[in-house]
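Note sheet for the following structure.
In the UniProt record's numbering, the protein residues as written are 1 to 535.
Here it is in structure tokens:
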């Protein structure tokens, strides 16, 4: 979820799916005023003072460091610890639990922190941590931060807090669509976004994966919520993740908020922050299983060696690239899939594999690998245009022998609140994971689409842990596959059929289920006109 899309100061659930379709619609309607809008082109400040800082390493005396050490083997074991955060309750509890227990540092990097109840609760926890003396470094991609200028500048006006905006749009005025319109003179740059998700507490524990910070990522949205996964990590891998954070924090693409947000005095900004966060600390987060284990002094984890995959922040720098290049994360993930000897199970909300992805899958299946992909259906996707881009590949993938599964919009999607849970009328897959040969797990921010590969920066982990891989596989096979349509080619090998459950008993659809209303003429036309690399 990572494209420019519809306007809004505080992104509602639909607007928190950052594709650029809504923005394009707005642009087409606004063509008569585009030239007028561009007449007053804004620009980024230059030069900008960016004080360099790095992760703190004098953290051994902190409670979190002691818990991390107690949760790992003694001695020179190079393995790290990982706990899957599949439920929204555990995912939120891990973030808030770590933030409340941090004593020295919090490094926080997100594509989106919404100004909804969850986002404001989280920002309030960061404020409270800073008040305890914790150094807080907060970095957010700027696409949705325009409507939060006063909020973020208010945070930065507090002692112990620094806020940086990644790859800012030159215009600060209005919502997303208007800011994009006023920044079209730099479209090649602003089309590239930081999609990373990372929280590091006392350089001892880290949370990374697919979730942004907004209601619908934690089962609090309506009418839809995202089905997602993160991991809580400790051990050597945390230092590597901190190095990635530092690389972004100290990059020329990260602008201190005060350098791009037009100023008011620090007292006025702090007052504005207090008003924005008023009332959002009244209903304090109830501690869950992760917090309880942190207090008990030991986290239940799977052990494994891990490799950190991270794009360089300069991937968004237009001047250094004649053309977009395949990202380090995308390339390494395809290499992992290509290394399979038995089977591959992939879950991704958006699936546009591109030429290399198709080749890797073809070779894997030809060598006897069982390869299955779970993705959203047209009925559950928040991006119907992207789904149509994926639909171009379905027949070819099925003919190759790839198993395709598309999520059904049924009550089964919300049947288990302890695993891949959500509340609301509709569940949308948002997890980005791949399990290879029952042993290797990729989990991170990267969708298997061209935008993640070529335009956005991403981060992920490849973890060598059979027990962790088995846990993810079990969740997907027992929760997602039974509530998905299995796609197959009809007897004429040209048409696609959607099979619900066992073909002998389940319904078989000869056309896209629940797709009539969403297959508008406008979408079909846009799917033909828009390059697959932008989807």
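Ideal placement from N, C-alpha and C gives every residue a C-beta, glycine not left out.
Since the structure is predicted, the reported quantities are computational estimates derived from the model, not experimental observations.
Does residue 162 come out as helix, strand or coil in the three-state DSSP assignment?
strand
Residue 200 - containing beta strand (DSSP E), residue span
197-201
When the distance is taken between beta carbons, is residue 340 closer than 8 Å to residue 369?
yes
Residue 125 classed as buried or exposed, judged by whether at least 16 other C-beta atoms fall within 10 angstroms:
buried
So residue 484 and residue 407 are in contact, right, with Cβ under 8 Å, and what is the actual spacing, rounded?
5 Å
Give me the Cα-Cα distance between residue 271 and residue 430, rounded to the nearest whole angstrom.
36 Å
Nonlocal neighbours in the same chain, by C-beta distance under 7 Å from residue 168, ignoring five residues either side
44, 142, 255, 260
Do residue 498 and residue 489 count as a contact pair if the criterion is CB distance below 8 Å?
no
Is the region 341-349 touching the region 443-454 in the sense that three or more CB pairs, one from each, lie closer than 8 Å?
yes
Residue 359 classed as buried or exposed, judged by whether at least 16 other C-beta atoms fall within 10 angstroms
exposed
Nearest to residue 356 (by Cα), restricted to the options 338, 367, 238
338
So, for residue 399: in the same chain, excluding its five sequence neighbours on each side, which residues have a beta-carbon less than 8 Å away from its beta-carbon?
489, 493
Hey, quick one: how far does the alpha helix (DSSP H) through residue 88 stretch, first residue to last?
88-101
Could I get the ranges of all uninterrupted beta strand (DSSP E) runs contained in the region 207-291, with 3 residues as the minimum, in chain order?
224-227, 230-234, 254-256
Less than 8 Å between the C-beta atoms of residue 213 and residue 85, yes or no?
no
Ordered along the chain, which non-local residues of its own chain (more than five positions away) have a Cβ less than 7 Å from that of residue 104?
56, 59, 62, 134, 135, 202
Less than 6 Å between C-beta atoms, sequence neighbours within five positions excluded: which residues of the same chain meet that for residue 107?
137, 200, 245
Helix, strand or coil for residue 81? Go by DSSP, reduced to three states.
strand
My guess is that residue 235 and residue 80 are in contact by the Cβ rule of under 8 Å, so how many angstroms apart are they, rounded?
3 Å
Could you tell me whether the region 453-460 touches the region 178-198, where touching means 3 or more Cβ pairs closer than 8 Å?
yes
Would residue 78 and residue 305 qualify as a contact pair, given that the criterion is a beta-carbon distance under 8 Å?
yes
Tell me which residues share the same chain as residue 513 and place their Cβ nearer than 7 Å to its Cβ, disregarding the 5 neighbours each side in the sequence.
377, 379, 485, 498
Distance between beta carbons of residue 344 and residue 364, contact taken as under 8 Å
7 Å
Between residue 381 and residue 218, which are expected to be in contact by the criterion C-beta below 8 Å, what is the C-beta distance as a whole number of angstroms?
Contact flag wrong, Cβ pair sits at about 20 Å.
Under 8 Å by Cβ, that's how I've got residue 113 and residue 140 pegged, so tell me the actual separation to the nearest angstrom.
6 Å
Euclidean distance between Cα positions of residue 287 and residue 467:
26 Å
If you check the beta carbons only, do residue 329 and residue 371 fall under 8 Å apart?
no
Report the residue ranges of all alpha helix (DSSP H) runs contained in full by the region 98-139; include only those spanning at least 4 residues, in chain order.
117-131
When you measure from the CB of residue 304 to every non-hydrogen atom of the ligand MG, does any distance come out below 7 Å?
The ligand content of the structure shown is nil, which means the ligand MG is not present either.
Note down the Cα distance separating residue 397 from residue 426, rounded to an integer number of angstroms.
27 Å
Tell me the start and end of each unbroken beta strand (DSSP E) in the UniProt domain "PLD phosphodiesterase" (425-452) that is at least 3 residues and wholly inside, in chain order.
426-429, 433-436, 440-444
Tell me whether residue 223 is buried or exposed, calling it buried when 16 or more other Cβ atoms sit within 10 Å of its Cβ.
exposed
Which class does residue 178 belong to by DSSP, given the choice of helix, strand or coil?
helix
Through-space distance from residue 184 to residue 419, alpha-carbon basis:
Low confidence applies to residue 419: its pLDDT is 44, below 50, so where it sits in the model is not reliable, and the reading given next is rough at best. The alpha-carbon atoms of residue 419 and residue 184 are separated by roughly 42 Å.
Have a look at the DSSP bridge pairing and note the partners of residue 190.
The partner list for residue 190 (beta bridge, DSSP) is empty, contrary to what the question assumes.
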